[in-house]
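Take a look at the structure below.
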Amino acid sequence: MYPFADQALVFVMLINFLALGSSRMNVSVRAVALQGVTLGILPGIMHTFSWHLLAITAGIILAKGVAIPWLLVGAMRKAEIRREVEPLIGYIPALVLGAIATALAFVFAAKLPLAPEHQGLLFIPASIATLLTGFLLLVTRRKAISQVIGYLVLENGIFIFGLLLTEAMPVMVEAGALLDLLVGIFVMGIVINHISREFSSIDTSRLTALKE
Amino acid sequence: MTHILIHILLVLLMPPLLLGVIGKTKAFFAGRVGAPYLQPYYDIWKLMRKGSVFSETTTWLFRAGPIVTLSVAVTASLLIPLGNHSAPFSFAGDMILFAYLFGLARFFTVAAALDTGSSFEGMGGAREATFSCLAEPTLFFALVVLARLSGSLSLSTMLTGSITTLWPDSAPSLILLAGSLFIILLAENCRVPFDDPNTHLELTMIHEVMVLDHSGPAFGYILYGAAMKLFVLGAFFLHIAFPFKAGDPFLDWGVFIIAMLLLAVVIGIVESIMARLRMVRIPQILVASTILAAFALVLVLR
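Chains as they are written, first to last, in the numbering used here: chain A, 1 to 212; chain B, 213 to 514.
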């Protein structure tokens, strides 16, 4: 149907596993950035060329692949967090859960009453699998930044679903972009939160030093 | 008939050359001249002429280990098709025999290691058993995917016939399979990210620690059997990663030999640019490769 779309979606699902299995935040941020870029290229593959499409593609790649990862890396550096220390569920169980979720996504997608032209495409299972991976990340990680990463993965899943509906409801795609903005605000919130915490801790240490 | 003869000759003569090529590649990356390509042959020949020392505490199990390892490798090499030619022996379901032949070899290696009563060898045996437990599901998932794609349960028809025609349609699952099988190829043959065949530090090694007590011809059998296992699993990997058909049967043999040597160079490069993984990371990588293969199965079953 769409050449290379299946390969790209398989790649997206592999990145899900990478995000689930890596303990380093740097790796997960890069994984999500790569996922965003892959998803940004997808609409470009699916439709015939137009300047409007090019602008949308560039916009998605800039937002998902450059801006948000850049903000996240900045937040990580400010908060001095490099790895998720103690996730609620370990990495290997999380990977296995992710694999089960992916398999279930395929089973579920086969049961959905889809439009005939959407049947047999990888979009629906990939979207559900990415959604579930995002959920897993959100639920199992403690650090706020890795939760934002989970949220981004979740949002990517919604975006994949929206790709199928671009002709029917363009609003869905716009809503996807809005969700991205929301994540941006999340990130800013974390940064500000950490800065304020940092300052207060510095203050208390100075106070104790004064006492002595 | 000639093809069966070529198959047997290749299987018997070529495996140590792969080790030589890997060694030469590593030497090239380290800026050394390196041992000659034929060094593994000299090593095996040297070991064959030596006498053996057997500890008094060991039983027949210890002596059976190397012999079983080598004979199992030879049997498995008769089941695997090389290049574009089918194997000398093939029947429906030989893929399960193929997988469990290596299981048998592993059991005897571990049993022989435990038989010495050395604590180090027991540790190596425990590691080997743990890691191969995690590696085995990947091999089976891969075999199931191939069986499903080709509609056959025999290795020869599964691997020689249809992979080239399958690539355009099921490229994603075949790429996943190739990736996970490469991980298994490195893990099963104790290559670098998982195990370092050159170290002799008991605390870090897996396979080498189990064969510390073997000497002389017995150790020669182990080296030769290990080389043959690398050859057989490498041929299996090449069927999926490099399904090339030249058309002419003799040209096919040439292509196969060149592809095997290239694979040895690639393994040498991987060994040169990667460090050994920490012991705790190895199960993670093996589970990840299992998940890749399972994902390939999901894609195929869809």
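Glycine included, every Cβ here is placed at the ideal spot set by N, Cα and C.
This structure is a prediction, so every number in the text was calculated from the model and none was measured.
Check whether residue i and residue j have beta carbons under 8 Å apart
| i | j | result |
| --- | --- | --- |
| B/D306 | B/S366 | yes |
| A/A101 | A/A126 | no |
| A/V153 | A/G134 | yes |
| B/A297 | B/P495 | In the sequence on display, residue 297 of chain B carries His and not Ala. Not in contact: B/H297 and B/P495 (Cβ atoms no closer than 8 Å). |
| A/F123 | A/L179 | no |
| B/T502 | B/F353 | yes |
| B/L450 | B/A471 | yes |
| B/E348 | B/V322 | no |
| B/L294 | B/A447 | yes |
| A/I149 | A/V32 | yes |
| B/P227 | B/L393 | no |
Partners in chain A for residue i, counting only beta-carbon separations shorter than 9 Å
| i | result |
| --- | --- |
| B/R514 | F106, A109, A110, G120, L122, P125 |
| B/F503 | For clarity, residue 503 of chain B is Ile in the given sequence; the question names Phe instead. Going along chain A in sequence order, the residues near B/I503 (Cβ under 9 Å) are F17, G21, L95, V96, G98, A99, T102. |
| B/L309 | Ordered by position in chain A, no residue passes the 9 Å Cβ test against B/L309, which lies about 28 Å from the chain. |
| B/F507 | V10, M13, L14, F17, A99, T102, A103 |
Neighbour flag for residue i against chain B, beta carbons, 8 Å
| i | result |
| --- | --- |
| A/Q250 | In the structure as shown, chain A begins at 1 and stops at 212. Residue 250 of chain A is therefore absent and cannot be evaluated. |
| A/Y91 | yes |
| A/V66 | no |
| A/V187 | no |
| A/V12 | no |
| A/R206 | Low confidence applies to A/R206: its pLDDT is 48, below 50, so where it sits in the model is not reliable, and the reading given next is rough at best. It does not; no Cβ of chain B falls within 8 Å. |
| A/I202 | Summary for A/I202: the model assigns pLDDT 40, below 50, so the residue's position carries little reliability, and this model does not support an answer. |
Chain A contact for residue i (CB, 8 Å cutoff)
| i | result |
| --- | --- |
| B/P228 | no |
| B/A453 | no |
| B/P349 | no |
| B/A390 | no |
Listed by chain order, chain B residues near residue i by CB distance under 7 Å
| i | result |
| --- | --- |
| A/Q7 | A383, P384 |
Spatial distance of residue i from residue j (CA atoms)
| i | j | result |
| --- | --- | --- |
| B/M440 | B/A476 | 13 Å |
| B/V423 | A/V37 | 49 Å |
| B/C402 | A/I45 | 42 Å |
| B/T269 | B/Y433 | 21 Å |
| B/F310 | A/E155 | 45 Å |
| A/E80 | A/R142 | 15 Å |
| B/T376 | A/A144 | 47 Å |
| B/M260 | B/L282 | 14 Å |
| B/V482 | A/S28 | 24 Å |
| A/I15 | A/R24 | 14 Å |
| A/L165 | B/A500 | 33 Å |
| B/M486 | B/V404 | 7 Å |
| A/D203 | A/L112 | Annotation note: pLDDT 43 at A/D203 (below 50); position unreliable, coordinate value reported separately. Cα-Cα distance, rounded: 57 Å. |
| A/R83 | A/G74 | 15 Å |
| B/V265 | B/S427 | 6 Å |
Interface partners of residue i on chain A, CB under 8 Å
| i | result |
| --- | --- |
| B/P495 | I92 |
| B/V510 | T102, A103, F106 |
| B/V499 | I92, L95, V96 |
Per-residue contacts from residue i into chain A (C-beta, under 7 Å)
| i | result |
| --- | --- |
| B/A341 | Going along chain A, no residue has its Cβ under 7 Å from B/A341, so there is no contact; the nearest lies around 18 Å. |
Proximity test, residue i beta-carbon vs the ligand ZN heavy atom, cut-off 7 Å
| i | result |
| --- | --- |
| B/I469 | Because no ligand of any kind appears in the structure shown, any question about the ligand ZN cannot be addressed here. |
Whether or not the region 114-123 of chain A and the region 43-51 of chain A are in contact is what I'm after, with contact meaning three or more pairs of Cβ atoms, one per stretch, closer than 8 Å; do they touch? Cβ pair count under 8 Å is below three, so no.
For the region 282-300 of chain B against the region 216-234 of chain B, do three or more pairs of beta-carbon atoms, one drawn from each stretch, fall closer than 8 Å, so that the two count as touching? The region 282-300 of chain B, when compared against the region 216-234 of chain B, does touch it at the 8 Å Cβ threshold.
**Prompt:** Three or more C-beta pairs closer than 8 Å, one from the region 313-325 of chain B and one from the region 379-394 of chain B: is that the case here?
**Reply:** Under the three-pair Cβ rule at 8 Å, the region 313-325 of chain B does not count as touching the region 379-394 of chain B.
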